[in-house]
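Accompanying notes for the structure given below.
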Amino acid sequence: MTTVTLIGSRLAEPGTEFVYEGEADGCAGCPYRSQCLNLDIGTKYRVTAVRENAQTLECAMHDGGVRAVEVEPASVRANIPSKGSFAGSKTTLSGPCPYVECPSHEFCEPDGVAFDEEHRISEILGDPPHEVCHLDRSLQLVELDLDD
Numbered sequence: 037m038t039t040v041t042l043i044g045s046r047l048a049e050p051g052t053e054f055v056y057e058g059e060a061d062g063c064a065g066c067p068y069r070s071q072c073l074n075l076d077i078g079t080k081y082r083v084t085a086v087r088e089n090a091q092t093l094e095c096a097m098h099d100g101g102v103r104a105v106e107v108e109p110a111s112v113r114a115n116i117p118s119k120g121s122f123a124g125s126k127t128t129l130s131g132p133c134p135y136v137e138c139p140s141h142e143f144c145e146p147d148g149v150a151f152d153e154e155h156r157i158s159e160i161l162g163d164p165p166h167e168v169c170h171l172d173r174s175l176q177l178v179e180l181d182l183d184d
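Residue numbers 37 to 184, in this note's numbering, belong to the letters of the sequence shown in order.
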């Protein structure tokens with residue numbers, strides 16, 4: 037499902053992904069608030085298109101102004117418990133991990149996914165990038181569909 041929103045001009049490129057964090061202090065009183073603040077907080081989005089002939093609007097938060105773009109929820113790669121997981125099933129993340137230097141950390145705590153949220157597995161990708169899980173978890177790398 038495509039949504040039109042405003043984002044910083046420097047980010048307005050097809051393929052750019054971001055997690056919408058909600059209203060910033062500088063948004064108060066802005067005449068474009070309703071066009072910018074129309075996404076779901078904490079959700080990861082991908083820019084699918086930049087609106088043709090759309091002008092750059094001034095913005096208190098983005099020094100280069102904002103532009104109209106089309107976005108849709110992005111899928112997320114994540115490490116999940118391997119037991120009983122298959123494409124099409126729903127799952128949650130295993131929980132926080134303090135080992136930030138681990139090559140899998142970005143997949144154990146992916147942007148745009150809360151630990152208590154259930155999401156459908158769209159694809160099993162295989163083994164995670166780490167050799168040993170320091171929390172002794174049995175994990176597999178998957179693609180989660182956040183638009184379910």
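Positions of the beta carbon are idealized from the N, C-alpha and C atoms, including for glycine. Treat the numbers as computed from the prediction; the structure is a model and nothing was measured.
Membership of R156 in any alpha helix (DSSP H) is not indicated; the residue belongs instead to the beta strand (DSSP E) covering H155 to G162. Taking each of V105, C63, G148 and K126 in turn and checking the Cα distance to E88, the smallest one comes out for V105. Annotation for E179: the continuous beta strand (DSSP E) segment containing it runs L175 to D181. Distance from the CA of E59 to the CA of E137, rounded to the nearest whole angstrom, comes to 31 Å. Bridge pairing for K80: V55 [DSSP]. Excluding the 5 residues flanking it on each side, E108 has same chain C-beta neighbours closer than 8 Å at M37, T38, T39, Y81, R82, T84 and D183, in chain order. For R69, the enclosing alpha helix (DSSP H) starts and ends at R69 to C72. Look at E108 here: in three-state DSSP terms it is strand. With fewer than 16 other beta carbons inside 10 angstroms of its own, F151 counts as exposed. Annotated three-state conformation of R46 is helix, per DSSP.
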